[in-house]
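Numbering (the working numbering), first residue to last: 82 to 165.
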């Protein structure tokens, strides 16, 4: 994704004109649109990390189910079934 935008100064052109032409060329190339679109993009979770998280959740669920079966904890009431 490396796109360089280059603008050379003409002999009869002042600094503001060069900056204006550079800005127009950057907008025309679509670099800013792409970068702003990627600003809040999150990287996908690696397969290793996904497996690690899944195994941890399975371990926690197994411990929870054992404690529930032994009567050491009460069943967690989900928010859907909760009424005030």
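Quick reminder that beta carbons are idealized off the backbone N, C-alpha and C, glycines included.
- Rounded to whole angstroms, residue 100 and residue 87 show a C-alpha spacing of 11 Å.
- With respect to the C-alpha of residue 84, the residue from 94, 93, 109 and 90 having the closest C-alpha is 109.
- Under the DSSP assignment, residue 145 falls in the alpha helix (DSSP H) whose first and last residues are 128-151.
- In this structure, the alpha-carbon of residue 102 lies about 25 Å from that of residue 120.
- Shown here, residue 116 sits in a helix according to DSSP, grouped into three states.
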